[in-house]
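Data block below; observations after.
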Amino acid sequence: MQAPLDPRQELVLANRILAREDVLDVFGHVSVRSPDDPGRFLLSRAVSPETVTLGDILEFTLDSNPVDAEAPPSYSERVIHGELYRARPDVAAVCHFHASSIMPFCITGQPLVPVSHVGATMGPVRRWSAQETFGDTNLLVATSEEGASLARAMGSDWAVMMAHHGGVVAGRSLREAVFRTVQLCRNAETQLTAMRIGTLQELTPREIELSGEFNLRPPILERAWNHWVRRLGGAGSAERAMPSAAE
Numbered sequence: 001m002q003a004p005l006d007p008r009q010e011l012v013l014a015n016r017i018l019a020r021e022d023v024l025d026v027f028g029h030v031s032v033r034s035p036d037d038p039g040r041f042l043l044s045r046a047v048s049p050e051t052v053t054l055g056d057i058l059e060f061t062l063d064s065n066p067v068d069a070e071a072p073p074s075y076s077e078r079v080i081h082g083e084l085y086r087a088r089p090d091v092a093a094v095c096h097f098h099a100s101s102i103m104p105f106c107i108t109g110q111p112l113v114p115v116s117h118v119g120a121t122m123g124p125v126r127r128w129s130a131q132e133t134f135g136d137t138n139l140l141v142a143t144s145e146e147g148a149s150l151a152r153a154m155g156s157d158w159a160v161m162m163a164h165h166g167g168v169v170a171g172r173s174l175r176e177a178v179f180r181t182v183q184l185c186r187n188a189e190t191q192l193t194a195m196r197i198g199t200l201q202e203l204t205p206r207e208i209e210l211s212g213e214f215n216l217r218p219p220i221l222e223r224a225w226n227h228w229v230r231r232l233g234g235a236g237s238a239e240r241a242m243p244s245a246a247e
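Residues 1 to 247, numbered by full-length UniProt numbering, are exactly what the sequence shown covers, in order.
Right, here's the structure in full:
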């Protein structure tokens with residue numbers, strides 16, 4: 001088993017993995033709770049996830065304010081992360097994304113359900129609509145009230161589809177959140193294909209529980225993480241993402 005990287009290095013890799021696996025594009029973001037202070041979290045400044053470097057990683061309080069008052073601008077929806085960390089002590093990482101595979105479910109309200117063995121890791125998927133609580137908005141989750149509402153919609157589960165917007169997935173570790181998010185997107189693709197050719201047969205609640213538990217074991221998370229890192233060009237990609245002295 002490989003020695004763990006510094007949390008900031010892992011967060012850089014998480015950004016790049018999720019971009020490489022078509023979960024994040026120009027938009028979207030992933031964060032991790034600070035291992036040194038559970039009342040803080042790490043998140044990149046406002047750049048495209050595929051370009052994140054160590055120098056872009058900022059630290060925030062659970063009020064979603066930067067610890068460094070001179071920090072560069074970060075994502076306007078960082079309250080999604082702060083409010084989930086505030087509401088859920090068991091959450092160690094959060095990803096917000098707009099992958100094309102999930103958007104049909106966000107737009108139609110058709111339930112996204114586990115339909116495959118590995119897809120079970122996403123668990124029950126909840127739904128949240130800004131319109132229902134806040135009326136007409138620009139659909140961004142940009143206030144603490146909106147973030148808290150979204151966190152309540154997730155409840156004790158791990159995934160939420162946001163009406164006309166995207167998704168939010170959480171995990172008990174950064175690697176778990178990355179794994180769960182990638183598999184949710186792939187499950188969405190599989191479900192859409194299955195619905196075109198026949199009657200959908202989703203997993204039972206017990207199958208979801210047993211399969212999800214099996215696939216979230218540390219050896220499987222590490223196997224998947226190492227595979228995705230290799231697709232990036234190896235663990236050295238985190239070192240190559242370090243800012244130079246001139247930056």
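We put the beta carbon where it would ideally sit given N, CA and C, even for glycine. Remember, it's a predicted structure, so these values are computed and weren't measured experimentally.
Straight-line Cα distance separating residue j from residue i
i, j, result
"H164", "D136", "12 Å"
"A14", "A153", "25 Å"
"E209", "A69", "43 Å"
"H98", "A71", "26 Å"
"R180", "E189", "14 Å"
"A148", "A142", "11 Å"
"G167", "M161", "5 Å"
"S100", "P35", "32 Å"
"P49", "S31", "11 Å"
"F27", "M103", "14 Å"
Coarse secondary structure for residue i, derived from DSSP in three states
i, result
"T61", "strand"
"F41", "strand"
"S101", "coil"
"S31", "strand"
"A170", "strand"
"A159", "strand"
"P72", "coil"
"G55", "helix"
Beta-carbon spacing of residue i, residue j below 8 Å
i, j, result
"residue 293", "L54", "Residue 293 falls outside the range modelled here, since the chain spans only 1 to 247, and no answer is possible."
"L216", "R20", "no"
"A159", "R88", "no"
"Q191", "L200", "yes"
"Y75", "H117", "no"
"E59", "V67", "yes"
"G212", "T133", "no"
"I57", "L5", "no"
"A92", "R16", "no"
"G123", "D90", "no"
"A46", "P73", "yes"
"N187", "G119", "yes"
"V182", "V23", "yes"
Between the segment 23 to 41 and the segment 192 to 207, can you find at least three pairs of beta-carbon atoms closer than 8 Å? no
Report yes or no: do the segment 219 to 233 and the segment 175 to 187 share at least 3 C-beta pairs separated by less than 8 Å? yes
Does the structure place the segment 120 to 138 close enough to the segment 74 to 93 that three or more beta carbon pairs sit under 8 Å? no
Whole alpha helix (DSSP H) elements within the segment 90 to 138, 4-residue minimum: 103 to 108, 130 to 134
Could you tell me which uninterrupted alpha helix (DSSP H) segments, each at least 4 residues in length, are contained entirely in the segment 181 to 242, listed from first to last along the chain? 205 to 215, 218 to 232, 236 to 240
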